[in-house]
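K.L.:
In the working numbering, the protein residues as written are 138 to 261.
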Amino acid sequence: MSKRSNLNEYPIHFVTTNVNNNIFLFNREQYCQIIVDNLKFYRNKYKFKLYAWVIIPWHIHLLLELLEGIKIQDVMRDFKKYSAVQIVQQLKKDERIDLLQKFSLQDGIPDYKSTLGVRYSSAV
138 MSKRSNLNEY
148 PIHFVTTNVN
158 NNIFLFNREQ
168 YCQIIVDNLK
178 FYRNKYKFKL
188 YAWVIIPWHI
198 HLLLELLEGI
208 KIQDVMRDFK
218 KYSAVQIVQQ
228 LKKDERIDLL
238 QKFSLQDGIP
248 DYKSTLGVRY
258 SSAV
């Protein structure tokens, strides 16, 4: 029987987070800038080392190292939630009704779990 490892057991994580339905969202600078600004903010808040990152039109890759006691789930939850809120606000400002209709909204609040999906992998 295999033993499933705890995500917080290893300090270095490779994270891929996808835009819901693989929508090409990050092909415009203003949406990429939201991600970059939020990476900077959460890197300072959670004090993680960001070794590498790439923004591709429909997903993001991150390679980061967490301090002891910091959970990858907490970092990604906060990063994704705030990024999704800001992206939806920008989409409204840009009048991108076509893209807004593709994302799940509940009471006008973006469901960050469906806007930016995430997969984690811990480096061994």
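Built from N, CA and C at the ideal position, the CB exists for glycine as well.
Locate the beta strand (DSSP E) running through Lys186, then write down its first and last residues.
P.N.:
Here residue 186 refers to the residue found at position 49 when the sequence shown is read from its first residue. Segment Lys186 to Ile193, the beta strand (DSSP E) holding Lys186.
K.L.:
Which value, in whole angstroms, describes the spacing of the CA atoms of Ile172 and Pro148?
P.N.:
One-based indexing of the sequence shown puts residue 172 at position 35. One-based indexing of the sequence shown puts residue 148 at position 11. Looking at the two C-alpha atoms, the distance is approximately 22 Å.
K.L.:
On a Cα-Cα basis, can you pick out the residue from Phe161, Leu199, Asp211 and Val152 that is closest to Leu228?
P.N.:
Position 91 of the sequence shown, counting from 1, holds the residue named residue 228. Measuring from the Cα of Leu228, the nearest candidate turns out to be Phe161.
K.L.:
By alpha-carbon positions, which one of Leu187, Gln238, Leu236 and Lys218 ends up nearest to Val152?
P.N.:
The sequence position of residue 152 within the sequence shown is 15, counting from 1. The candidate whose alpha carbon is nearest that of Val152 is Leu187.
K.L.:
Specify, as a first and last residue, the run of the beta strand (DSSP E) that Asn155 falls within.
P.N.:
Translated into the one-based positions of the sequence shown, residue 155 becomes position 18. Unbroken beta strand (DSSP E) run through Asn155: Ile149 to Asn155.
K.L.:
From which residue to which residue does the alpha helix (DSSP H) around Glu166 run?
P.N.:
By one-based count along the sequence shown, residue 166 stands at place 29. Where Glu166 is concerned, the enclosing alpha helix (DSSP H) stretches over Glu166 to Tyr183.
K.L.:
Can you give the beta carbon distance from Cys169 to Ile193, rounded, assuming they're within the 8 Å contact cut?
P.N.:
Residue 169 sits at position 32 when you count from the first residue of the sequence shown. Residue 193 sits at position 56 when you count from the first residue of the sequence shown. Not a contact, Cβ separation roughly 10 Å.
K.L.:
Roughly how many angstroms separate the alpha carbons of Arg266 and Ile197, rounded to a whole number?
P.N.:
The displayed coordinates of the chain run from 138 to 261. Any statement about residue 266 would go beyond what the structure contains.
K.L.:
Could you pull the start and end residues of the alpha helix (DSSP H) that Ile209 belongs to?
P.N.:
Within the sequence shown, the letter at position 72 stands for residue 209. Note, Ile209: alpha helix (DSSP H), Ile209 to Lys230.
K.L.:
Output the distance between the C-alpha atoms of Tyr219 and Asp231, rounded to the nearest integer angstrom.
P.N.:
The residue labelled residue 219 in the question sits at position 82 within the sequence shown. The residue labelled residue 231 in the question sits at position 94 within the sequence shown. Cα-Cα distance, rounded: 18 Å.
K.L.:
Quick one: using the 10 Å Cβ neighbour count with 16 as the cut-off for buried, is Leu203 buried or exposed?
P.N.:
Position 66 of the sequence shown holds residue 203. Leu203 is buried by the Cβ-count criterion.
K.L.:
Tell me the DSSP bridge mates of Leu200?
P.N.:
Here residue 200 refers to the residue found at position 63 of the sequence shown. DSSP, once it has assigned bridges, lists Phe151 and Ala189 as partnering Leu200.
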